[in-house]
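Just below is one structure, and these are the notes that go with it.
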Amino acid sequence: MRSVVFFGLLVVLFLFALLLMPKEEVERVVAGDSLLRGVHIIRYGAEGIRWEAEVEEARVTDTSGIARLKGVSLFYPAWSFRVEGEMGSYALTTGSLNLTGRIMAVGPDIRLTASEVSYDAQQRRLLLRGTLRVEGKRFIATADRGEILDTDIVRMYGNVRTVFRGT
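Here the sequence shown is numbered in this note's numbering, starting from 7 and rising by one per residue.
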């Protein structure tokens, strides 16, 4: 009888331990990787801050020079423009950035969505790919891709469609 009670107690403890285990598999960090959470990145240029980023998670491999990002929010002070993306990568040596997933960007009087956004730090150009949608106070425009240079101009290419609203 004691052995049955003891065995029953072990089963109950085992089931209790299973309940306490995390439901999601924990991602393993490989040797040589660095995992950072709650990261704030500031990219400076000759004129001051080029852009700032808040990143939920960044994984850096020693050999790649690339940080893999999750939950990214960028702010470009020169344009008063904010870009948010689900995932991306950041080249540590060049400052170039690529975001994928649902991308949303908001600036003064404009809202933009795309599937992929890349920032080329050398050319200081924001490239937009995927289903691109730009919405202003009195217009909506869609295209396959676009770019924003060091100005307030959004250039759109491929299957461009625009609807203008009256005042």
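For each residue, glycine too, the CB sits at the ideal point set by N, CA and C.
Note that the structure is a prediction, hence the values are computed from the model and not measured.
Quick check on the burial criterion: 16 or more other C-beta atoms within 10 angstroms. Buried or exposed for residue i?
{"i": "Thr106", "result": "buried"}
{"i": "Ile154", "result": "buried"}
{"i": "Ile159", "result": "exposed"}
{"i": "Phe87", "result": "buried"}
{"i": "Pro28", "result": "Because the pLDDT of Pro28 is 42, which lies under 50, any placement of that residue in the model is unreliable, and the question is left without a value."}
{"i": "Asn165", "result": "exposed"}
{"i": "Leu16", "result": "Unreliable positioning characterises Leu16 in this predicted model, as indicated by a pLDDT of 37, which lies under 50. The coordinate reading is nonetheless provided below. With fewer than 16 Cβ atoms within 10 Å of its Cβ, Leu16 is classed as exposed."}
{"i": "Ile48", "result": "exposed"}
{"i": "Leu42", "result": "exposed"}
Let's see if you can read the secondary structure: which residues bound the beta strand (DSSP E) around residue i?
{"i": "Leu41", "result": "39–51"}
{"i": "Leu1", "result": "Since the first residue of the chain shown is 7 and the last is 173, residue 1 is not available in this structure."}
{"i": "Lys76", "result": "72–82"}
{"i": "Ala149", "result": "145–154"}
{"i": "Arg171", "result": "It is not in any beta strand (DSSP E) - Arg171 carries neither H nor E in the DSSP assignment."}
{"i": "Ala127", "result": "Per DSSP, Ala127 belongs to no beta strand (DSSP E) and is neither H nor E."}
Can you give the beta carbon distance from residue i to residue j, rounded, assuming they're within the 8 Å contact cut?
{"i": "Val61", "j": "Gly77", "result": "6 Å"}
{"i": "Ala59", "j": "Ser79", "result": "7 Å"}
{"i": "Leu138", "j": "Arg130", "result": "Incorrect: roughly 20 Å between the Cβ atoms, too far for contact."}
{"i": "Phe123", "j": "Gly91", "result": "The sequence as given places Val at residue 123; Phe does not occur at that position. The Cβ separation is near 6 Å, so the contact holds."}
{"i": "Ser121", "j": "Gly142", "result": "Actually they do not touch by this definition, with Cβ atoms about 20 Å apart."}
{"i": "Ser95", "j": "Ala73", "result": "7 Å"}
Could you tell me which residues DSSP pairs with residue i in its beta bridges?
{"i": "Trp85", "result": "In the DSSP output, where bridge partners are listed per residue, Trp85 has none listed."}
{"i": "Gly164", "result": "Bridge partners of Gly164: none, in fact."}
{"i": "Arg139", "result": "Thr119, Thr148"}
{"i": "Arg65", "result": "Leu41, Arg74"}
{"i": "Glu55", "result": "The question names Glu, yet the displayed sequence has Ile at residue 55. Answer is Tyr50, bridged to Ile55."}
Let me check understanding here. Comparing Cα to Cα, which of the options lies closest to residue i?
{"i": "Gly44", "options": "Gly54, Glu63, Gly91", "result": "Glu63"}
{"i": "Gly101", "options": "Ile55, Met110, Ala149", "result": "Ile55"}
{"i": "Gly113", "options": "Glu92, Leu98, Val140, Leu75", "result": "Val140"}
{"i": "Ala98", "options": "Ile146, Arg171, Arg161, Asp126", "result": "It is worth fixing the name first, because residue 98 is Leu in this sequence and not Ala. Closest by alpha carbon: Asp126."}
{"i": "Tyr82", "options": "Gln128, Asp115, Leu132", "result": "Leu132"}
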